Amino acid sequence: MPDYLLEKQAGGVVCGVDEAGRGPWAGPVVAGAAILTPGCLDADWVGGLDDSKKLGRAGREKLFDILVAETPTGVGSASVAEIDSLNILQATLLAMDRAVKNMIRDHGATPGLALVDGNRTPGLACPARCVVGGDGKSLSIAAASIIAKVSRDAIMADLARQYPGYGWERNAGYGTPEHRRALADHGLTPHHRRTFAPIRRILEAQDMGDESREDSIS
């Protein structure tokens with residue numbers, strides 16, 4: 025379970041940073057930032073903080089509401105166009121930078137250090153330290169994980185209403201069997217990541233089909 029040890033060792037104002045959505049075939053990558061200090065939340069809610077992937081949707085959403093109401097938080101994203109032009113790693117780092125900047129802008133809380141989940145340090149508006157598996161070690165990162173995950177799920181649910189049939193309200197754009205079937209039945213949308221291998225293969229197959237049709241016509 026995550027705790028405050030890393031925050032206490034760092035001293036001063038520390039924020040956690042994490043992302044959601046590096047692996048899906050569709051939708052943006054979203055990052056969250058959160059400043060969580062001892063005593064800022066009820067002990068029962070602190071005990072419930074954990075890596076967002078281990079929590080159910082209802083638990084994540086309840087903790088999200090509490091975090092947004094009680095602590096400085098920020099959300100940043102990078103679009104599908106940015107993912108395809110920069111690559112997913114650089115787009116993720118960009119989303120993290122935006123999350124921290126938005127937190128500072130909205131709350132006037134400039135951290136002295138950011139604890140970042142993973143092994144690559146983004147360029148942030150404050151010093152940063154990577155923590156591999158950080159969402160299971162640091163409460164600040166665990167909080168940021170929840171901010172990122174719930175925010176992205178809401179974005180994908182909205183996109184699902186615009187593009188029904190892909191199940192994004194359930195699979196969040198990941199390559200589930202439901203999503204695969206929808207791609208076969210309905211094709212690509214503007215929100216699919218063209219540089220991701222499964223989507224790129226669909227595009228290549230379409231190009232080959234177009235070339236075959238042109239050859240048969242000529």
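Under my numbering, the first residue of the sequence shown is numbered 25, with each subsequent residue one higher. In this text, a Cβ means the ideal position worked out from N, Cα and C, and glycines have one as well. On a predicted model such as this, the values are computed, not experimentally measured, just so you know.
The Cβ atoms of Val53 and Thr116 sit closer than 7 Å to each other.
With a contact defined as Cβ atoms closer than 8 Å, Pro188 and Trp49 miss out at about 17 Å. The residues Pro26, Leu87, Leu163, Ala166, Ala167, in chain order, have a CB closer than 7 Å to that of Leu73 in the same chain once the five nearest residues on each side in sequence are set aside. For Gly83, the enclosing alpha helix (DSSP H) starts and ends at 81 to 94. Closest option to Val104, judged by alpha-carbon separation, among Phe220, Arg225, Gln230: Phe220. A check of alpha carbon separations from Glu193 across His210, Val174, Arg224 identifies Val174 as the nearest.
Comparing alpha carbon positions, the residue from Gly142, Ala138, Pro201, Ile170 closest to Gln33 is Ala138. When the five nearest sequence neighbours on each side are left out, the beta carbons in the same chain lying within less than 7 Å of the beta carbon of Ala123 are those of Val41, Ala55, Gly56, Ala57, Gly98, Val99, Gly100, in order along the chain. Shown here, Ser175 sits in a helix according to DSSP, grouped into three states.
Positions of the beta strand (DSSP E) runs, each at least 3 residues long and wholly inside the stretch 49 to 78, are given as 53 to 59 in order along the chain.
Looking at Thr134, Gln230, Arg217, Leu227, the one whose alpha-carbon comes closest to that of Asn111 is Arg217.
Residues Ser76, Arg84, Leu87, Phe88 of the same chain have their beta carbon placed closer than 6 Å to that of Ile170, with the five preceding and five following residues left out of the count. Under DSSP, Ser101 forms a beta bridge with Val54. Per DSSP, the continuous beta strand (DSSP E) segment holding Val41 begins and ends at 38 to 44.
Rounded to the nearest whole angstrom, the CA to CA distance from Lys78 to Pro146 is 25 Å. In the DSSP assignment, His216 is bridged to Ala50.
Look at Ala229 here: in three-state DSSP terms it is helix. Straight-line measurement puts the Cα of Arg185 at about 10 Å from the Cα of Ile179.
The beta carbon of Thr213 lies closer than 6 Å to those of Tyr187 in the same chain, with the five residues before and after it left out.
In the DSSP assignment, the residues bridged to Leu137 are Val38.
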